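Peer 1:
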Amino acid sequence: MPPRPTSAVSHTFEEHTGELRLRVDAPALAELFAEAGRALARLACGDRPPPSPEGEAQPVSLRSHDRAALLVDWLNDLIFHTEVEGRVFSEFRFTRLTDRDLDAWIRGARAPEARTLVKAATLHDLEISETSHGVSATVVLDV
C-alpha cells in the first residue's frame with residue numbers, strides 16, 4: 019500500500035477557456051506525480067471522491083527528456099488508460115522515478131458516468147520547480 023499523502027501535498031484547479039490549469043505542490047517528486055494523478059481522478063469524478071481502487075495493479079513505464087515532459091507524459095498516459103479502460107486511477111506505487119524515467123504500478127476503479135473529460139495534459143505554460151517546501155508544478159489540461 020502506498021504511503022498516505024502528508025498535509026503538505028495539495029492540488030488546485032484554475033479555469034481557463036477550454037483548459038484547466040492544475041497546480042500541484044508536494045514535498046518530493048514521487049508525491050507530486052502521485053498527487054497529479056489523484057487530481058486527474060478527482061476531476062474525472064466531479065465533486066465526488068474517486069472510488070476505491072479495485073483489482074490488480076498494472077505497470078506503467080515512461081521515458082522522457084526531462085522531468086517536466088515526464089510529468090506531462092505521466093498524466094497523458096493516465097488519461098489514455100482512463101479513456102480506453104473506463105477506469106479512474108488513484109493509487110500509485112513508484113518503483114523508479116528520476117528526472118527522465120518512471121516505472122510505477124497503478125490501480126483504479128470504474129469511472130463514473132457523468133465526468134469531466136480531460137483530453138490531454140499540455141506543454142503550454144508547463145512549469146516544475148523546487149520550492150522551499152519541496153516541488154511545485156503547473157500543468158494546463160485541455161478539457
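Numbering-wise, the numbering used here puts 146 at position 128 of the sequence shown, and it's gapless, one number per residue.
Even glycine gets a Cβ: it sits at the ideal position worked out from N, Cα and C.
As the structure is a prediction and not an experimental result, all values here were calculated from the model.
Rounded to whole angstroms, what is the Cα-Cα separation between residue 147 and residue 135?
Peer 2: Counted from its first residue, the sequence shown places residue 147 at position 129. Counted from its first residue, the sequence shown places residue 135 at position 117. C-alpha separation (whole angstroms): 27 Å.
Peer 1: Would you grab the beta carbon distance between residue 114 and residue 123 for me? Rounded to a whole angstrom, and I think it's under 8 Å.
Peer 2: Residue 114 sits at position 96 when you count from the first residue of the sequence shown. Residue 123 sits at position 105 when you count from the first residue of the sequence shown. In fact, because the Cβ distance is near 11 Å, the residues do not count as touching under 8 Å.
Peer 1: Using only CA atoms, which one of 142, 43, 144 lies nearest to residue 150?
Peer 2: Sequence index remark: in the sequence shown, residue 150 carries index 132 (1-based). Answer by Cα proximity: 43.
Peer 1: Let's test the definition: count the other Cβ atoms within 10 Å of the Cβ of residue 32 and tell me whether it reaches 16, buried, or not, exposed.
Peer 2: The sequence position of residue 32 within the sequence shown is 14, counting from 1. So residue 32 ends up on the exposed side.
Peer 1: Does DSSP put residue 117 in a helix, a strand or coil?
Peer 2: Numbered from its first residue, the sequence shown carries residue 117 at position 99. Of the three classes helix, strand and coil, the one that applies to residue 117 here is coil, per DSSP.
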